[in-house]
Every structure is written in structure tokens, then in C-alpha cells.
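Trainee:
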Amino acid sequence: MTVPTTLTSSSPSRLSAPGVIVTLFVLAMSACVLGLVVWKALDARQTVLAQSETDSRNLAHSLVEHASRSIQAIDIAMSGMADLLKYQNPQPDRFNTFLANTANALPQLREIGVFDTLGNWRYSSLPETPTHNNSDRDYFIYHRDHTDSNIRINAPITSRLTGRTSIILSKRIDDGPDGSFKGVLTGAIDNQYFSDFYKTFQIGESGGISLIRSDGILLIHWPSMEIGKDLSGTQLIQTRLKQSLAGFYKIDSPFDGITKYFSYEQTTQYPLIVTVAIPEDQVLAIWKSNLLSDVIVASVLLCTVILLAALLSTQFRFRLNMEHALRERESRYRLLADNIADVIILLDRFGNIVFVSHSVEFVLGHNPKDLLGRSCFELVHPEDVEAVKAASAQLKDLTANRTVIFRTYRDDHSLAWVEVNFKLATREIDRDKVEIVGVLRDVTLRKSMQDELTSLNTKLAELATTDGLTGLANRRTLDGFLRRVFEQHDEMSVLLIDVDNFKGYNDSNGHQAGDECLKRVAAVIADATINTPALSARYGGEEFAIVLPDVSEADAITIAEALRLRVRALEIPNMASTRGHLSISVGVASRNSLTSNEAVLVGEADLALYEAKRRGRDCVVANSALQREYFSAGFSHNG
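If you're matching positions, the sequence shown starts at 6 in our numbering and goes up one per residue.
1. Count the other CB atoms within 10 Å of the CB of A561; is the residue buried (16 or more) or exposed (fewer)?
2. Please state whether DSSP places K293 in a helix, a strand or coil.
3. Suppose you measure from the CA of Q93 to the CA of S629; what does that come to, to the nearest Å?
4. Are there three or more Cβ pairs, one per stretch, closer than 8 Å when the region 249 to 261 is compared with the region 184 to 199?
5. Label P387 either buried or exposed according to how many other C-beta atoms from any shown protein chain fall within 10 Å of its C-beta, with 16 as the threshold for buried.
6. Which residue or residues does DSSP assign as beta-bridge partners of E270?
7. Expressed to the nearest angstrom, what Euclidean distance is found between the alpha-carbon atoms of S16 and G443?
8. Going by other Cβ atoms of all chains shown within 10 Å of its Cβ, with 16 needed for buried, is Q574 buried or exposed?
9. When we look at the beta-carbon of S419 and count the other beta-carbons within 10 Å, is it buried (16 or more) or exposed?
10. Give the DSSP-derived three-state secondary structure of H71 in the structure shown.
11. If we count Cβ pairs, one from each stretch, closer than 8 Å, do we get three or more for the region 474 to 481 versus the region 563 to 579?
12. Give me the DSSP bridge partner(s) of T163.
13. I'd like to check one pair, I156 with K176: are the Cβ atoms closer than 9 Å?
14. Compare the Cα-Cα distances from R245 to each of K187, D220, F260, S294 and report the closest residue.
15. Quick check: the region 160 to 180 against the region 123 to 143, are there 3 or more CB pairs under 8 Å?
16. At which residue ranges does the region 542 to 614 contain complete alpha helix (DSSP H) runs of 4 or more residues, listed in the order of the chain?
17. Counting only the same chain and skipping the five closest in sequence on each side, list residues whose C-beta sits under 7 Å from that of I173.
18. With a threshold of 6 Å on Cβ separation, who are the neighbours of V556 within its own chain once the five nearest residues in sequence on each side are excluded?
19. Quick check for students: name the residue ranges of the beta strand (DSSP E) that lie wholly in the region 480 to 553, counting only runs of 3 or more.
20. Going by C-alpha to C-alpha distance, which of E558, L500, L523, E58 sits closest to T534?
21. In the DSSP assignment, find the unbroken beta strand (DSSP E) run with N406 in it and report its ends.
22. Nearest CA to the CA of L236: which residue from S215, T404, P228, L297?
23. Using a 10 Å radius around the Cβ and a threshold of 16 neighbouring Cβ atoms, would you call P182 buried or exposed?
24. Tell me where the alpha helix (DSSP H) around A627 begins and ends.
25. Can you give me the C-alpha to C-alpha distance between I551 and A542, rounded to a whole angstrom?
26. Taking only the alpha-carbon atoms, compute the straight-line gap between L540 and I350 and give it to the nearest angstrom.
27. How many Å lie between L111 and N196 at the Cα?
28. Please report the straight-line C-alpha distance between A627 and F253, rounded to a whole angstrom.
29. Within this structure, are the beta carbons of T280 and G213 separated by less than 9 Å?
30. Helix, strand or coil for F640, going by three-state DSSP, please let me know.
31. Return the bridge partner residues of E424 from the DSSP annotation.
32. In this structure, does DSSP put S453 in helix, strand or coil?
33. What are the uninterrupted segments assigned as beta strand (DSSP E) that are 3 or more residues long and contained completely in the region 52 to 140, given in chain order?
34. Using 8 Å as the Cβ pair cut-off and three pairs as the minimum, do the region 27 to 36 and the region 281 to 298 touch?
35. Ordered along the chain, which non-local residues of its own chain (more than five positions away) have a Cβ less than 7 Å from that of L631?
36. Please confirm whether G85 and L104 have their CB atoms less than 9 Å apart.
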């Protein structure tokens with residue numbers, strides 16, 4: 006390329022101009038690179054902390070749910086036992102067996118014991134009932150002196166029987182006639198139960214998980230296994246819990262003094278708090294590693310900028326011919342407009358097409374010349390015209406842009422989904438003439454995938470609320486429905502249904518036949534509540550439940566009897582049953598003035614179901630009848 010001498014020869018002062026520009030360029034680029042590194046580092050740090058907060062909060066929530074469910078299962082069992090002991094004195098051998106079975110059914114529960122009014126053992130789930138006296142224990146003294154009937158979570162103690170540290174759950178037993186103190190019911194949870202669960206989470210070498218009573222008494226800290234420490238003076242107990250039941254902040258650990266990011270959550274059902282502490286160095290480790298990489302990249306970029314500046318200073322003297330630059334730019338614009346995958350359109354103020362790129366032929370199959378002068382609304386599906394007009398009406402100034410998705414027709418009359426991003430624009434030569442520039446792309450495949458994803462999410466939501474085998478509501482749905490009905494209805498009944506001798510049926514016919522059997526029984530149960538406000542659910546294993554809002558006990562018994570007869574009418578052979586066919590046992594409980602919550606109501610139905618099975622199965626037992634028998638037996642005994 007020949008450069009005119011008028012452009013290459015210059016005075017000393019003019020020779021310094023490129024140097025000044027290059028220097029400013031280097032300074033500007035260096036500032037941009039350094040600013041970008043600093044901004045990226047700060048933003049990445051905030052992102053890492055935000056993600057850590059989310060993960061830590063989620064873990065704390067999961068752990069507090071685990072602790073609450075673990076306590077709740079024992080609470081339900083102990084509530085039923087306390088209600089039973091309130092009105093009768095079962096035979097020791099039989100009730101000890103019942104306690105042992107309950108302890109075996111709950112993995113978190115090591116043992117259950119019942120103490121009389123003097124602190125002596127009455128019943129125990131252990132093979133042999135201990136003989137020592139526990140009247141000096143804090144929980145015994147508390148229940149003796151307080152009429153509170155709720156379950157109490159006590160400070161960790163060392164078991165006199167095993168020497169192992171335990172969390173004791175205790176409940177007062179009232180005397181039925183006058184409500185006086187009748188004794189204490191206790192359940193012991195090994196600290197190892199929570200430790201074994203917490204160690205399954207990867208929270209780092211110096212991370213920690215704590216289970217704390219709401220008054221600040223440490224129940225267990227993992228991995229140190231420290232217990233009983235008084236944390237009532239910490240920031241958590243003094244201020245944070247008063248502000249919110251869940252939170253996240255930075256602390257110096259009271260256990261090892263290390264600075265950690267700390268999340269907590271308190272369950273609303275019990276006075277329990279779960280905390281998760283992760284060291285700050287662990288949280289920011291990846292961020293620091295990435296920051297070092299960014300610094301190295303920034304250094305390379307700065308070196309590159311300096312090198313480019315040196316090259317720019319040697320090329321700065323060469324001036325491009327303006328006319329050649331304009332032709333080159335026009336040529337490149339045409340190349341892009343004609344070959345880009347998106348379609349570029351230009352509309353006048355009335356919505357008529359002034360220009361359309363040749364790519365419309367590849368995207369929609371239309372000839373660009375055939376579209377010129379036509380209204381853009383002719384290409385829009387009639388049902389989407391109003392949406393497009395509404396979007397275009399929002400273009401108030403040259404800085405605004407709008408995006409709209411609508412249906413259009415290809416040249417072969419097939420339907421396509423397109424996305425258009427458009428804005429107002431003016432030409433440099435005529436600033437008063439306002440036109441609309443739009444970029445159109447085919448999003449048919451993306452729309453199809455979005456519709457498919459929506460459909461899958463709907464199906465997933467349905468699966469999350471139903472039992473996969475029987476199609477009935479699952480346990481989680483049942484618990485939520487039961488809680489809502491108890492809060493909103495003064496009258497309600499619960500049926501607990503158990504398939505008789507189902508284990509023997511499975512052993513004789515195999516699990517596949519057992520599954521088919523459960524499906525047939527579930528179909529009968531589902532028919533009982535179809536088109537009604539009631540809910541049928543699988544309670545667990547071969548047990549089912551029906552919640553009947555606004556249904557009296559008498560009507561509930563009628564429904565239960567109908568269910569029992571309909572299951573018998575299935576005539577499913579069961580060699581494990583003395584009757585030779587499949588049958589069900591049903592326990593019925595209805596809400597009354599003594600039913601404090603839905604868990605107590607389910608416990609009453611469970612006791613009735615237990616009595617139905619004791620009576621030989623294939624029958625219906627109501628809890629009220631069971632209570633009358635207990636009262637009658639107690640009256641005869643006292644008489």
C-alpha cells in the first residue's frame with residue numbers, strides 16, 4: 006500500500022500526538038482490566054457467600070426437620086401411651102412387650118420407661134425392668150411439680166444402666182379421674198443417633214453441627230461430641246433468635262475459636278435449634294483460587310495491551326481512505342444482514358415493512374421482495390396481533406426496546422413461533438423520521454421444549470403428592486391434609502385400616518402378588534372418598550388412612566363396616582388367614598373435647614386398630630367404645 010507523503014511527513018509536534026493517544030489507550034485499558042478484576046473478585050466473593058448461605062440454610066433446615074421428625078415420632082407414641090396409662094394399669098408383661106415393640110420400631114429410640122409417683126420403675130422396654138429409683142432426676146421432679154402435659158426435652162444425662170450419654174424425652178402421666186400426678190413416661194435417645202446422621206454430611210474438617218435446646222443447653226455438638234454446655238449467653242440465644250427463627254451470620258466459634266459462617270434454624274414444634282458452622286477459609290477457598298487465576302489472566306492481558314499499544318503506535322500513521330472505509334463497512338453490513346441466522350426488519354411508523362434481510366428466506370421461506378410494503382401484522386397469527394400491538398405501543402423513546410413472542414406462518418403455511426426484539430431508531434441524515442428496527446428469530450424448537458418441560462413439571466408435582474404403588478395420597482399429603490382439617494373443622498373422624506395377615510400373604514404369594522393385592526384394596530378405599538371432601542391415603546406398608554371432615558363417629562363406623570365388607574367381597578384367597586380370604590381391620594377415632602391435636606386423634610385410631618387386631622381381626626373398633634370398656638373395667642376393679 007502506497008502512503009502519500011503528505012500523510013507520512015509531519016512536524017515533531019504532530020509526531021507526539023500518536024504517542025499521547027497510545028498512552029491514554031494503555032492507561033484506559035489498564036484501568037478497565039484492573040477494574041474488571043476487582044469487580045469480578047468482589048462479585049464472585051458475594052456469589053460464593055450467597056451460595057454458601059443458601060447451602061448452609063438448606064442443610065440447617067433439613068437437619069432441624071430431621072430432629073423435629075425424630076422427636077415427633079416419639080411424641081406421638083408417648084402421647085398414646087400416656088393417654089392409655091391415664092385410665093388403666095395394663096399387665097406388666099403385656100405392656101412391657103408393647104414398649105419393646107415401640108422402641109424397636111423407632112430407630113432413634115433406645116428405650117422407654119414408666120415411673121410411678123415415687124420414681125420407681127413400673128414398666129420398661131428393656132428385657133428386665135430396672136430396680137433403681139429415679140426420683141432425683143430433674144425430669145421426674147419437673148413433672149411431679151408441674152401439670153404441663155407436653156413432652157419435655159431434657160438436658161443430656163449419663164444413663165445409670167448403660168453409662169451412655171442420652172437425651173431424655175419425658176411426659177407427665179395424669180390420673181384419669183382427678184388429673185393428679187400418676188408418674189412419668191420417658192424415652193431415651195442415644196447421642197450417637199444424631200452423631201451418626203450428622204457425620205454423613207461433608208462440611209469440612211473444622212465444620213460443626215450442633216443440636217441445642219432453645220434455652221441454650223447444648224444437646225450435642227458434632228464432631229466434638231461435647232454435650233451439656235450452656236450457650237445461653239451467646240449472640241444466637243440473646244439476640245438472633247429473638248429477631249428470626251432462622252438466620253445466617255459470621256461468628257467466632259465458641260468451641261474452637263475459628264471464624265466461621267454460621268446458619269441456624271429453630272423448629273416451631275419443639276424447643277430445638279440446629280446450627281451449621283463452616284470455616285470462612287473453607288467457604289472462600291475456591292474463590293481465592295479463582296482470584297489467583299484472574300490475577301494471572303489480568304497480568305497477561307495487561308502485557309497484551311502493552312504489546313498491542315506498541316503495534317498500534319507503529320500503525321497509527323497510516324490513515325485509511327474514508328470512502329474505502331465506508332464501502333467496506335457497507336459491504337460487511339450487507340454480508341451480515343444477508344447471511345445472519347436472525348432476520349433483520351425495518352418498519353415505518355405505520356408498521357409497513359421497509360426492509361427485510363435475505364435470511365428471512367432461510368428462516369421462514371419467504372421471498373424478501375414479496376414482503377416489502379406489506380403490513381407486519383399480516384404475518385402475525387390473528388390471536389397474537391393484540392399482544393404485538395401492545396408491545397409496540399410501549400416504545401416511547403429511542404432508548405426503550407421490547408421483546409415479544411408470537412406465532413407466524415412460513416411460506417408453506419406451517420405454523421412457527423418467533424421472537425422479535427425491536428426498538429425505535431432514526432437515521433443520521435433525517436433525525437425526525439422515526440422507524441422501527443427489529444431482530445426476528447425462530448424459537449419454535451425452544452417453545453416446544455418449554456411446553457414439554459411445563460408438562461413434565463406438572464406430572465412431577467402430581468407424583469410428589471401421591472403414593473407410587475396405590476395411587477392414593479402419600480404420607481406427606483396425608484399429614485398436611487389432617488392438620489388443615491383439624492384446624493378448620495370441629496367435627497371429624499379418622500379411619501386407620503390394616504390388611505390382616507399381609508406378611509403371611511406376601512410370604513405365600515410373593516411381593517408382586519402382594520403389590521397387586523394392595524392396589525385392589527386401595528381401589529376399594531379410594532372409591533369410598535371419591536367426589537367427597539374426604540381423603541384416602543397410604544399410611545405406610547399395608548396400612549391405609551381415611552380422613553373424614555364433618556363426619557360423626559357413627560357415620561364413620563358405617564363407612565368402615567362398608568369398607569370391610571367390600572374388601573371381603575373381593576374374595577382374595579389368603580392362606581395365612583384362618584378365614585382363608587383377605588380381610589381388613591379398622592380403627593375409628595372421632596374428635597372430641599379431649600383431642601388436643603391431630604396427632605392425638607391418629608393415636609386414638611391406632612389404639613382402636615390395635616384392639617381390632619387383638620380381637621381376632623376382620624372387624625371395626627371405635628376408640629370411644631374402647632374408652633368405655635376401659636372405664637367400665639376400671640370401675641369394676643375399683644369397685
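All C-beta atoms in this analysis are idealised placements derived from N, C-alpha and C, irrespective of residue type, glycine included.
Mentor: Concretely, from the data shown:
1. buried
2. helix
3. 15 Å
4. no
5. exposed
6. A251, V279
7. For S16, the pLDDT reaches just 43, beneath the cut-off of 50, and the residue's location in the model is therefore unreliable, although a value from the coordinates is still provided. Computed Cα separation, rounded: 49 Å.
8. According to the sequence provided, residue 574 is Ala. The question's Gln does not apply to it. Counting Cβ neighbours within 10 Å, A574 comes out exposed, since fewer than 16 surround it.
9. exposed
10. helix
11. no
12. T170
13. yes
14. D220
15. yes
16. 558 to 574
17. Y144, N159, I162, T191, A193
18. S498
19. 497 to 504, 540 to 545
20. L500
21. 406 to 414
22. S215
23. exposed
24. Unbroken run through A627 is the beta strand (DSSP E), 625 to 627; no alpha helix (DSSP H).
25. 6 Å
26. 58 Å
27. 15 Å
28. 49 Å
29. yes
30. Only weak support exists for where F640 lies, its pLDDT of 44 falling under 50; the coordinates are left without a value.
31. I410, R446
32. helix
33. 116 to 120, 126 to 129
34. no
35. L612, A613, E616
36. no
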